[in-house]
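Asker:
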Amino acid sequence: MHSPAEVPVPVKILPHGEGLDLPVYATDGAAGMDVVSAEDVTLAPGGRHAVATGLAMAIPPGFEIQVRPRSGLALKHGISVPNAPGTIDSDIHDTPLSWVNTANAG
Numbered sequence: 038m039h040s041p042a043e044v045p046v047p048v049k050i051l052p053h054g055e056g057l058d059l060p061v062y063a064t065d066g067a068a069g070m071d072v073v074s075a076e077d078v079t080l081a082p083g084g085r086h087a088v089a090t091g092l093a094m095a096i097p098p099g100f101e102i103q104v105r106p107r108s109g110l111a112l113k114h115g116i117s118v119p120n121a122p123g124t125i126d127s128d129i130h131d132t133p134l135s136w137v138n139t140a141n142a143g
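Here the numbering used here is used: the first residue of the sequence shown is 38, the next is one more, and so on.
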């Protein structure tokens, strides 16, 4: 159910991303793709961390990738993107994702 005007974005798996799942639409009605972390991270309440994805993407000029928190992580655990939606411009190729834990307690 995705737009017929999809623009292909070449994805390179970096060494620390070997064996990880590539970005994928979780359902037919999904507006965006799910991306997994290339590292194990524990965010303490109030903590922030730029999480490595293990991917490099060749975003076409004039396009962007938007980073948004999963609603379940934000609602249930306070895990969010500090500048949601985060923008990755076409001149950025290695794609770490910045996350913050807005919860007051673990």
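We put the CB at the ideal spot given by N, CA and C, even for glycine.
Shorter than 7 Å, the distance from the beta carbon of Val104 to the closest heavy atom of the ligand HEM, or not?
Answerer: Of the ligands one can find in the structure shown there are none, so the ligand HEM has no counterpart to examine.
Asker: Pick out whichever of His86, Leu59, His53, Leu80 has its Cα sitting closest to the Cα of Met70.
Answerer: Leu59
Asker: Can you name the start and end residues of the beta strand (DSSP E) that Glu101 belongs to?
Answerer: 101-104
Asker: For Ala111, name the three-state secondary structure that DSSP assigns.
Answerer: helix
Asker: In three-state DSSP terms, what is Gly54?
Answerer: helix
Asker: Between which two residues does the beta strand (DSSP E) carrying Met94 extend?
Answerer: Counting along the chain, the beta strand (DSSP E) containing Met94 begins and ends at 92-94.
Asker: Which of helix, strand or coil does DSSP assign to Ser32?
Answerer: Because the chain here runs from 38 to 143, residue 32 falls outside it and cannot be looked at.
Asker: Report the rounded CA-to-CA distance for Leu51 versus Met94, giving the unit in angstroms.
Answerer: 10 Å
Asker: Any idea what DSSP makes of Thr64, helix, strand or coil?
Answerer: Residue state, collapsed to three classes: coil.
Asker: Nearest to Gly83 by alpha carbon, out of Thr90, Ala63, Val118?
Answerer: Of the listed residues, the one whose Cα sits closest to Gly83 is Val118.
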